[in-house]
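Structure first, then comments.
4 protein chains.
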Amino acid sequence: MDSSPQLRHILEAMADNDPTKLPTPSACVADEDFCLVPIGTPTASVSKEVAEVQRLLKKSGIKYSMHSAGTTIEGSWDQCMTIIGQCHSMLHANGVVRIQTTMRVGTRTDKKQSFDDKVAAVEKLLAEDK
Amino acid sequence: MDSSPQLRHILEAMADNDPTKLPTPSACVADEDFCLVPIGTPTASVSKEVAEVQRLLKKSGIKYSMHSAGTTIEGSWDQCMTIIGQCHSMLHANGVVRIQTTMRVGTRTDKKQSFDDKVAAVEKLLAEDK
Amino acid sequence: MDSSPQLRHILEAMADNDPTKLPTPSACVADEDFCLVPIGTPTASVSKEVAEVQRLLKKSGIKYSMHSAGTTIEGSWDQCMTIIGQCHSMLHANGVVRIQTTMRVGTRTDKKQSFDDKVAAVEKLLAEDK
Amino acid sequence: MDSSPQLRHILEAMADNDPTKLPTPSACVADEDFCLVPIGTPTASVSKEVAEVQRLLKKSGIKYSMHSAGTTIEGSWDQCMTIIGQCHSMLHANGVVRIQTTMRVGTRTDKKQSFDDKVAAVEKLLAEDK
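Residue numbers (UniProt numbering), protein chains in the order written: chain P, 1 to 130; chain F, 1 to 130; chain W, 1 to 130; chain A, 1 to 130.
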């Protein structure tokens, strides 16, 4: 979301008149966090599928970070959503018939904050405890 | 996801070679369920923002259903994701500086199942109890 | 959360001194919404498992409402969480080796608001459009 | 979930007869991942609240790991859920009137898998790519 006053006016007018014509946010900074679960696979292990997702993310060039309960990515709304959709398509192509993904997506207009910045902000507060 | 054998082959090859070129799923059948939370607003009430989202959904023409803990929409991956992105953009344009949305998104290739079908399948099983 | 001034003081002191001794919230009003997914089951259908969950909820006496992307329940924090844990235990006992549940849980201290109230508040705003 | 044949029988019988009497799972191994959002706070920053949650987790002695989009904890179902409920109570006591938490909770009976194990399993697969 650009903060130039002119663009702001245009976006406000669109939001009032026809929000279905609005662009999607230019940044999902810091917390598009997703966790993809294959359903109806013969095994309870999902590491194979998670590894395939990591390979796709690596190939895509997007900034990403895997943790034990999901993967966080950082980019524009459309970039983030397209890549997760491609993960679904890839696993479907590989034979997984049903997939459920849960996501937490954050956007903000007051500042740019990468996922490293977010963790750093909390760690700074915790460091003051000592 | 089309099930024609030819398209399947193409998708499988893309999944192997370069999944970042794959199309996103053509259908998020039945459970793109999302819940949008504004952060840093002066009041604990979110009904104003939820109402704005419902108006946008209505205007967009997408199939949707509001429940007390979110809204379920049904369409192609890109349609669903674009509309939710526009909800963020609209609220940002209206002055909300930070938004977090959580989603559950399901795709399947074995059958088309609308969100009404899903509830009906469970209710059919429960009806057999009597 | 009781709003009597005396109890507030006690809770504030506990929050400062040892929050690990705090009671859990007495109400998860309106949106403990959960969606349970079995992993490693032979079929992509989950309606059998969802039906079993509905039966348990009915038997428990808790207020609940199923929608296409999950089920919303209403009660104290411990009641809500215990019941969802029992759903996991029940499905495990029935042979499902792995389960993932996603939840949205809301608590508020400013007013009691049931899940019907939440939907009503939004519908009131939308009705004013006409 | 104990795997002794005797206990299995008892649990199966309870699941059939009255699942509302079942114990909750003894382990939420590896992915009780939660993200807590205060609603109606004057600022869009949530690092203060996240830091308070980290302090409570530290004090509680539970195994936990913060990442940029949430915190993962590991323990029995009741331990995990009670602590997150106490986080809500603590923030309420500190003046936050409304809180929404989203969680992904996993339980499995086929093996014990810590959150480090999960990441290691995926990284092992990825290492084989080279």
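Idealized CB from N, CA, C, for every residue including glycine.
This structure is a prediction, so every number in the text was calculated from the model and none was measured.
Collapsed DSSP secondary structure at residue i in the structure displayed
i        : result
THR114/F : Reading off the sequence, residue 114/F comes out as Ser, not Thr. Correct three-state label for SER114/F: coil.
GLU49/A  : helix
GLU32/P  : strand
VAL96/W  : coil
GLY106/W : strand
THR101/P : strand
MET1/W   : Per-residue confidence for MET1/W stands at a pLDDT of 43, beneath the threshold of 50, marking its modelled position as unreliable; the derived number appears in the next sentence. Coil at MET1/W, not helix or strand.
VAL119/P : helix
is_contact[residue i, chain A] using C-beta, thresh 7 Å
i        : result
GLY61/F  : no
LYS112/P : no
ALA44/F  : yes
VAL105/W : yes
Limits of the beta strand (DSSP E) - the one that residue i falls within
i       : result
ILE73/A : 70-74
SER65/A : 63-67
Short CB-CB distance (under 7 Å) between residue i and chain P
i       : result
CYS80/A : no
ARG98/W : yes
PHE34/A : no
CB contact below 7 Å: residue i versus chain F
i        : result
ILE39/A  : yes
ALA127/P : no
Residue span of the alpha helix (DSSP H) that contains residue i, given as start and end
i      : result
PRO5/W : 5-17
7 Å Cβ cut-off: residues of chain A touching residue i
i       : result
GLN86/W : PRO19, THR20, LEU22, THR24
Partners in chain F for residue i, counting only beta-carbon separations shorter than 7 Å
i       : result
GLY75/W : Per Cβ cutoff of 7 Å: no residues; GLY75/W is ~14 Å from chain F at best.
GLU12/P : ALA93
Neighbouring residues, chain F, relative to residue i (Cβ below 8 Å)
i        : result
LYS130/W : Going along chain F, no residue has its Cβ under 8 Å from LYS130/W, so there is no contact; the nearest lies around 12 Å.
Residue i: contacting residues in chain P (beta-carbon distance under 9 Å)
i       : result
THR72/F : Within 9 Å Cβ-Cβ: nothing; THR72/F doesn't reach chain P, min ~13 Å.
Residue-chain proximity (residue i, chain D), Cβ-Cβ < 7 Å
i        : result
THR102/W : Of the chains in the structure shown, none is chain D; the protein chains are P, F, W and A.
Residue i at chain W interface by Cβ criterion, 7 Å
i        : result
ALA30/A  : For ALA30/A, the predicted structure reports a pLDDT of 44, less than 50, and the residue's modelled location is therefore unreliable. The matter cannot be settled from this model.
GLU49/A  : no
VAL53/A  : no
ALA121/F : yes
SER68/F  : yes
ASP116/P : no
Partner residues on chain P for residue i, Cβ-Cβ distance less than 7 Å
i      : result
ARG8/A : The premise fails here: ARG8/A is roughly 17 Å from chain P at the closest Cβ pair, so nothing lies under 7 Å.
Under 7 Å from the C-beta of residue i: neighbouring residues of chain W
i       : result
ALA15/A : MET90, ALA93, ASN94
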